[in-house]
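For reference, the structure is listed below as structure tokens.
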Amino acid sequence: MKQRNSLLILCFVLIVSFVGSVSAQTCVHNGKNFTPNGTYDANRRLILSSLPSNAAAQDGFYSGSIGQEPSRVHAAGMCIPGADANDCSACIKGASDWLVQDCTNQTDAYYWALDPTLCLVRYSNNSFSGSAGYWEIVPQYLVMNTANINSNLTEFKKIWEGLIHGIIAAASAQKTRYKADVAALTPFQNIYALMQCTPDVSSGDCDNCLRQSVIDYQSCCGEKTGGYVMRPICFFRWQLFTFSKAFGNITLAPPPPPPPPPPPPSPPPLLQRQPSSASDQAKKADTAGITTVRSLQFDFKTIEVATNNFSERNKIGRGGFGDVFKGTLMPGGREVAVKRLSRTSEQGEKEFKNEVIVIAKLQHGNLVRLLGYSVKGEERVLVYEFVPNKSLDSFLSDPIKQAQLSWTKRFNIIKGIARGILYLHQDSRPKIIHRDLKADNILLEADMNPKISDFGTARIFGIGQTSSITERIFGTEGYMPPEYRCEGLFSVKTDVYSFGVLVLEIICGKKNRSFCSPGPDLVTYAWRLWREETPLELVDQTILENFPAEEVTRCIHIALLCVQHEPTDRPHVSTIVSMLTSTTIISHVPQTPGSLDSLY
């Protein structure tokens, strides 16, 4: 009976309402443990430390063992075929480090890491080479997106299943036991999927493992917008965006065109996109540097009608270098947000060009979607999806709306922002640095899902680029790290700093600017409370009666790590996401942060 109960405990499925380029480690609780700092632990650390160089040197896969029974440790490290050697080595090292940190006394564990590429690290006190038994199939980690498919579900499933079953067949048949592929869902949306088994298992065992993973995913999450399933010998992931640097060399066939509708007697003027005969406006679009996304161009008259000629009654706010109006596209009645850029602002012209080029092809549930743009003379407008709850700033600035933000909603907002940044920094090609993350630029959907907006000051980084310097500093005081504010140096750590400030604002329910002279700024105040071991005094009074103290303290800890003075001391966003979705102890201790007040 005891054995049966232990087996039931091992048949676990972790379903996490989160997706992104995070990692998942599974410490297998099979009743076998080792003594920390003993011989088995020493052998484990030694062989794991050798995996990065060995796997990178042997085409991305290495397995071996070290020590004598009963302290012998078997281990393997694997990356996706074709992964850059440095990426492979870095991924396996990170995975190995996490296993040592998280699986403190388990004799069996595996870890699929997704940054900077996909890799697997596994160790055990039993040999597992070529095995596909109980311990290779049963332990499972499943992660799903929270958003649902909002298009034609029947058509989506048809395309999705065709892609997935084709990948299973290809992956299990190839010696590498790996396949990544893409299917066009619409002219503007693709499905990306990847599957991999360890190359030492048989074709049949690989096929079985992958099929079981797909069945597990469909049984719980078939209507979600992505997710992944991990087992000790196989991995399956799909998303509506690229990931793991796995899709750069794949040529995508266009989707089959839908049957053409019967032509109307005359095209409704409100639906006309910019016609090719309007050469003067096309040339202006060309000079704006956005000819590659001309298919997104709206007729300006359409936008005027949609916004009642940019009526003050339709005005809903002000974005960077322009006013924002609510509009309704007819026929159909789709609500949109229209930003009308200032006609006299040189920076507004640059922002317009930047937004179109940067975010036209970005597709992620935590980024606001650009639907199109329009150009007429000096007029420049950007058309976005309409997000009904306005900005996070509007909630933090309004005591009534602020009370609607339970801790659960706040925590989901924090995780959603992190997912969006992760996509920009890692899964987007090219890499994008936002440079102006703040509460005003976080929009909230009806279900409070956050969307990062306003990419006018964003910058694209080339392959291998890690930082840049600018003489023109654009950003918001209180959100900018010292190296950017004082020297114009920006990198991914610039956005990490801003994220840390945002997290503190969400926790305390106040904007950074609310902490005015002669008192400390928000970062300094949070640091003082942390140093005095009273961090929960930071928590918003409206949720004091109902919040998990450990989870809130963890978020404050993460935020303080994000606002460290030195960029190298701030975590990468992939690490932040892992910390937000894990309950393991955070080993890094924050030091004096890089705020204005804390430096004096």
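Numbering (mature numbering (1 follows the signal peptide of the UniProt record, and there is no 0)), first residue to last: -24 to -1, 1 to 576.
Cβ coordinates follow ideal geometry from the N, Cα and C atoms, glycine included.
Buried versus exposed, by CB contacts within 10 Å (16 or more), residue i
i, result
"V332", "buried"
"S467", "buried"
"V515", "buried"
"S100", "buried"
"G570", "buried"
"V565", "exposed"
"M306", "exposed"
"Q116", "buried"
"Q44", "exposed"
"I439", "exposed"
"T93", "buried"
"I393", "buried"
"R405", "exposed"
"A434", "buried"
"Q165", "exposed"
"L556", "buried"
"K277", "exposed"
"T551", "buried"
Residues near residue i in its chain [Cβ-Cβ closer than 7 Å; skip 5 each side]
i, result
"T518", "Q378, A379 and G485"
"T529", "P511 and L512"
"G464", "I445, T446, E447 and I449"
"D374", "none"
"H541", "P458, T568, P569 and G570"
"T442", "S467"
"Q82", "C3, V4, H5 and N9"
"L537", "R546, P547, H564 and P566"
Assigned secondary structure, residue i (DSSP; H/G/I helix, E/B strand, else coil)
i, result
"D192", "helix"
"N126", "coil"
"S370", "helix"
"T162", "strand"
"M555", "helix"
"L27", "helix"
"R316", "strand"
"Q273", "strand"
"P251", "Because the pLDDT at P251 is just 36, under 50, the model does not fix this residue reliably, and the value given afterwards should be weighed accordingly. DSSP places P251 in coil when its eight states are reduced to three."
"Q34", "coil"
"E453", "coil"
"I561", "coil"
"Q(-22)", "The pLDDT assigned to Q(-22) is 38, lower than 50, so where the model puts this residue is not dependable; a value taken from the coordinates is nonetheless given after this. Residue state, collapsed to three classes: helix."
"Q116", "strand"
"residue 577", "Outside the modelled stretch of the chain, which goes from -24 to 576, sits residue 577, for which no answer is possible."
"G348", "strand"
"R546", "coil"
"Q378", "helix"
"Q567", "coil"
6 Å CB neighbourhood of residue i in its chain, flanking five on each side removed
i, result
"R356", "L317 and F328"
"P89", "Reading off the sequence shown, one finds Ala at residue 89, where the question assumed Pro. Closer than 6 Å at Cβ, skipping near neighbours: S(-2), C67, G70, A71 and C95."
"Q77", "none"
"S252", "Annotation note: pLDDT 34 at S252 (below 50); position unreliable, coordinate value reported separately. Hits under 6 Å: none found."
"G341", "A123"
"G53", "L27, A31, Y38, I68 and V97"
"W383", "I519 and F523"
"A282", "G303, T304 and L305"
Neighbour flag for residue i against chain B, beta carbons, 8 Å
i, result
"Q44", "Within the model displayed, chain B is absent; a lone protein chain is all it includes."
Beta-bridge partners of residue i, as assigned by DSSP
i, result
"F211", "Q172 and M206"
"R21", "Per DSSP, none; premise fails for R21."
"I418", "I428"
"T304", "E311"
"R294", "D299"
"I408", "I436"
"N9", "Q82"
"C55", "C95"
"P524", "Paired residue(s): none; P524 is not in a bridge."
"I445", "L465"
"E325", "For E325, which the question treats as bridged, DSSP gives no partner whatsoever."
"S39", "A52"
"Y154", "Q172"
"L343", "I428"
"E361", "V312"
Nonlocal neighbours in the same chain, by C-beta distance under 8 Å from residue i, ignoring five residues either side
i, result
"L272", "V332, A336, L346, L347, G348 and Y349"
"D471", "I397, L400, H401, I409, H410, R411, L413 and V549"
"P241", "In this predicted model, P241 has a pLDDT of only 40, less than 50, meaning its place in the structure is not dependable enough to derive any value."
"T560", "Q77 and D78"
"L161", "S127, F132, I135, I167, L216 and P231"
"S25", "S72"
I'd like to know if the region 359 to 368 and the region 419 to 429 are in contact, where contact means that at least 3 CB-CB pairs between them fall below 8 Å.
yes
Whether or not the region 120 to 131 and the region 200 to 212 are in contact is what I'm after, with contact meaning three or more pairs of Cβ atoms, one per stretch, closer than 8 Å; do they touch?
In short, these stretches touch, since the Cβ pair count reaches three.
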